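Asker: Submitted below is the structure of interest, expressed as C-alpha cells.
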Amino acid sequence: MDFAPGTFAFEAWQARYSLLRGIWATLSSSGLTIIAATVAGVLIGTILAYGWRPLRWLARLYVDVLRGIPVLVLILFTYYGLSLFGINVPAYWAGVIALSAFATAHIAENLRGAVQSVPAGQMEAAKAIGLRFDQRLRYVILPQAIRRMLPPWVNTGLEVVKGTTLLSVIGVVELLLSTQQIVARNYMIIDFYLFAGLLYLIINFAIAQLGAALERRFSYLRY
Amino acid sequence: MIDYNFDWTVITRNANKFLEALALGLGLAVVSLLIGCVIGLAAAYARVSGRRWLSTPIWAYVELIRCTPLLLLVFFVYFGLPEFGIYFLDKTESFILTLSLYAGAYMSEVFRAGLSSIPKQYVEAAKAIGMRPWQRQRWVVLPVMFRITLPSVGNNLISLFKDTSLAAAIAIPELTFTARQINANTFRVMEVWLAASAMYLATAYLLALGLRLLERRYATIR
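These protein sequences, in sequence, are chains A and B. Read in numbering that gives the first Met the number 0, the first sequence has 2 at position 3, and its numbers run on one by one without any break. Read in numbering that gives the first Met the number 0, the second sequence has 97 at position 98, and its numbers run on one by one without any break.
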C-alpha cells in the first residue's frame, strides 16, 4: 500500500492518537452508561412491577417522560441545566448522566415486562414456601425473567453505543467528533466517515455477538 | 439552594418560532416515514423473494444502517455526497434522504415480519379463486399486512419524530436547534429546555393517542 501524504493509510497513521482517544471515549462512556443504567434500571423496574403505589406512579412518570424526549434534548438539557444546580461537571460526565438516565428508563420498562411475563404461580409458590420478598426476586423471579430481559437489554446497549455519538454535539471528543476533526484537517471526508462507520459496526457487532452468547448461556431456562 | 427565577416570557415571546420548529420536525418525520415505507416495502419483498442476489445486498443494507449511528449517517450524507458529485441536495433534503434510508431499514424488518406472519391459506384461497399474483398482493396480502404492522409503523413514526432532533447537528431549524439557539441568546436554560421537552413529549403522546385510535379503527381483523 502506498504510504505517502494524502493517502488514507498515511493520514490514518498520523491521526492514530486522536482516533484511539475517540474510540476510548466512546467505549468508556458506553460502558459506564450501561453499568449505571443496568443497576438503576433494575431498581426502577422492580419498583414499576412491585412498588408501593405512589412510588410506582413516580417511576412510571420517570420512565414515560424519559422515553418521550429525544436523547439529544436530554443531553443538551443536562449539559446546560446541571450547572444551574451548582453541579459543574465536564461535558463528558453530563453526557454520561443523560445517556444513563435515558437507558435506565428503557431497561426499567424491559425489566417490568420481563418480570410480569413470569407466570404468577411462580410468585405464589415462592410465597407459599415462605421466602422473603428479596429472596423471591433473587431466587425465583429474576433468574426466569433474565431470559426475556436479555434481547432488549442488548438492544439498549447498541442504542447507547450509537447514542454516544450525540455527545459530540456538546463537545465530547468521542469517535465521531475526533473523526470530524481529522476530516477538517485532511478533507478525506468519505474515507474517514466510512472508517468511523466501520469501527461502529465492529463495536456493535461485537456487542450483538456477546448478547447472542449470553442468550445461549441462559437458554436452559424454559417455561 | 438554587437561586433561579423562572421567566416564561422567553417562551411566549418565541412561541411562533417554537411551533414552526415543531411543525418542521413533524414534517421531516412524516415525509421520511412515507419514503421509508416505500423503501421498506420494496426491501421486504426483496428479502422474502428467495433470490440470493436480491436478498443479500438488502440484508447488508439493513444491518449496515442498523449498526451505524444515525448522526454518522447524517454527516456522511450531508458532507460526503458532494464528494461523489451530488451537489443539488440542500441540508433539509439531505436530512430527509438520510432519515428515509434509516427508516427504510427499520421498516423493511417490520414489513418482513408482517409478510411472513400472513397465513398461507389466505394466498392459497386467493389463488383458488383465480387472482393474478399482483391482485393477490394488492387485495389480500397488503391489506392484511397493513393491519398487522400498523402498531410497529406507528412506533417507528414516534421514534423518527424524536430522531429529527439530530437535524439540529446540520443546522436545520427544528425544535432542538431552535431551543439551542434561544438558549444561547437568552440563557434561560430551564424555561427553554423544559418547554422543548414538554413539546416533544406532548407531540409524542398525541401521536401515540392518534395511532391507537387508528389501530382501533383498522388493525382489528374482522
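Using N, Cα and C, we set each Cβ at its ideal position, and we do this for glycine too. For clarity, every value in this text was computed on a predicted model and none was experimentally measured.
In chain order, what residues of the stretch 58-70 of chain A put their CB closer than 9 Å to some CB of chain B?
Answerer: 63, 64, 66, 67, 68, 69, 70
Asker: Name the chain B residues whose beta carbon is nearer than 7 Å to that of residue 195 of chain A?
Answerer: 71
Asker: Looking at the C-beta of residue 29 of chain B, does it have a partner C-beta in chain A at a distance below 8 Å?
Answerer: By the rule that beta-carbons nearer than 8 Å mark a contact, residue 29 of chain B does not touch chain A.
Asker: I'd like to know if residue 75 of chain A contacts chain B, where contact means its C-beta is closer than 8 Å to some C-beta of that chain.
Answerer: yes
Asker: Leaving out five residues before and five after residue 3 of chain A in sequence, what residues of the same chain have Cβ atoms less than 7 Å from its Cβ?
Answerer: 9
Asker: Once DSSP output is grouped into helix, strand and coil, what is the label at residue 116 of chain A?
Answerer: Residue state, collapsed to three classes: coil.
Asker: For residue 135 of chain B, which residues in chain A fall below 9 Å Cβ to Cβ?
Answerer: Simply none; closest approach about 34 Å.
Asker: Can you tell me whether residue 106 of chain B is helix, strand or coil according to DSSP?
Answerer: helix
Asker: Here's the rule: buried if 16 or more other CB atoms are within 10 angstroms of the residue's CB, otherwise exposed. What is residue 56 of chain B?
Answerer: exposed
Asker: Just checking: is the beta-carbon of residue 209 of chain A within a distance shorter than 8 Å of some beta-carbon in chain B?
Answerer: no
Asker: Taking contact to mean at least 3 C-beta pairs separated by less than 8 Å, is the stretch 91-102 of chain A in contact with the stretch 27-41 of chain A?
Answerer: yes
Asker: When you compare the CB positions of residue 101 of chain B and residue 70 of chain B, do they come within less than 8 Å of one another, or not?
Answerer: no
Asker: For residue 203 of chain A, which residues in chain B fall below 7 Å Cβ to Cβ?
Answerer: 66
Asker: Does any residue of chain B bring its CB to less than 8 Å from the CB of residue 222 of chain A?
Answerer: Legend: pLDDT at residue 222 of chain A = 49, less than 50; position of this residue unreliable, value from coordinates given subsequently. No, residue 222 of chain A lies away from the interface with chain B (no Cβ there is under 8 Å from its Cβ).
Asker: When the cut-off is 8 Å and only beta carbons count, does residue 34 of chain A lie next to chain B?
Answerer: no
Asker: Using a Cβ distance threshold of 8 Å, determine whether the stretch 137-153 of chain A contacts the stretch 69-80 of chain A, with at least three qualifying pairs required.
Answerer: no
Asker: Decide if the stretch 163-176 of chain A is in contact with the stretch 13-27 of chain A; the criterion is three or more beta carbon pairs, one per stretch, under 8 Å apart.
Answerer: Short answer: they touch.
Asker: To be precise: take each residue of the stretch 197-220 of chain B, compare its Cβ to all Cβ atoms of chain A, and keep it if any distance is under 8 Å. Which residues remain?
Answerer: 199, 200, 203, 204
Asker: For residue 18 of chain B, count the other beta carbons within 10 Å of its own beta carbon; 16 or more makes it buried, fewer makes it exposed. Which is it?
Answerer: exposed
Asker: With 16 as the cutoff for other CB atoms within 10 Å, does residue 67 of chain A come out buried or exposed?
Answerer: buried
Asker: So with Cβ pairs under 8 Å, would you call residue 80 of chain A a contact of chain B?
Answerer: yes
Asker: How should residue 4 of chain B be labelled, buried or exposed, when 16 other C-beta atoms within 10 angstroms of its C-beta is the threshold for buried?
Answerer: exposed
Asker: Is the beta carbon of residue 106 of chain A sitting closer than 8 Å to the one on residue 152 of chain A?
Answerer: yes
Asker: Do residue 65 of chain A and residue 100 of chain A count as a contact pair if the criterion is CB distance below 8 Å?
Answerer: Going by C-beta atoms, residue 100 of chain A is nearer than 8 Å to residue 65 of chain A.
Asker: Thinking C-beta only, is residue 147 of chain B closer than 8 Å to residue 104 of chain B?
Answerer: For residue 104 of chain B and residue 147 of chain B, no; Cβs fall outside 8 Å.
Asker: Residue 159 of chain B CB to nearest chain A CB: under 8 Å?
Answerer: no
Asker: Is residue 87 of chain B closer than 8 Å to residue 43 of chain B when the C-beta atoms are compared?
Answerer: no
Asker: With C-beta atoms as the reference, is residue 91 of chain A less than 8 Å away from residue 192 of chain B?
Answerer: no
Asker: Give the straight-line distance between the Cα atoms of residue 151 of chain B and residue 115 of chain A, rounded to the nearest whole angstrom.
Answerer: 22 Å
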